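Trainee: First, the structure itself, so that you have it in front of you.
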Amino acid sequence: MRPYAPLVLIAFLALSACDKPKPAATPAAQGPSLPDSQTAFLAIPRTASASDDFCTKFKTFDRFENWHGKVQDLRISTLDGTVDLEINISQGIRLEAIVAKNDPVYPSLLKLGLEQSIVISGQFTHANNDADCLYYRGPFGVHLTALAG
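Take -9 as the starting number for the sequence shown in the numbering used here and just add one per residue.
This is how it looks when you write it as structure tokens:
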């Protein structure tokens, strides 16, 4: 061992104990706050034991505005150009929209990429029946009326 090695170690420990200036506080990176209706929808219990309660609460959701999500899947039919868009709105809960070429939101869909954050408005297609209640883990069928990337 070299004779100056202990001195280097002592100097290093002494310097590391000195007060260092703290970096300036930076705001924490936060995602956009979710609309109240989206938060309420996400709060509905989704367990087998709560499926009846889920159905009752789910039926109260008809329209939604400015919900935040990420593109989870995007497929374009080679037959007729129809787009199948799947959106993760949080906690693994997905919405699915089948969009025809003549739909006003269609051009916006062609600019989307996977995992892209989007803001959507529309309505659920459940028509207050129990069919979607059986699939309380989604995806839930929707008709989009607005989409922003």
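For each residue, glycine too, the CB sits at the ideal point set by N, CA and C. Only a predicted model underlies this, so the values are computations on that prediction, with no experimental measurement involved.
Closest to L44 by C-alpha separation, out of L64, D26 and L32, would be which residue?
Mentor: First, the residue type needs correcting, since residue 44 is Phe and not Leu in the sequence shown. For F44, the nearest C-alpha among the options comes from L32.
Trainee: Would you mind sorting Q28 into buried or exposed? The rule is 16 or more other CB atoms within 10 Å of its CB.
Mentor: Result: buried.
Trainee: Tell me the rounded alpha-carbon separation between N92 and P25.
Mentor: Cα to Cα, the separation comes out at about 29 angstroms.
Trainee: Taking Cβ positions, are P129 and E76 nearer each other than 7 angstroms?
Mentor: Going by C-beta atoms, P129 is nearer than 7 angstroms to E76.
Trainee: Helix, strand or coil: how does DSSP classify A90 here?
Mentor: Reduced to three states, the DSSP call for A90 is coil.
Trainee: Using the three-state DSSP reduction, which class does F114 fall into: helix, strand or coil?
Mentor: Strand.
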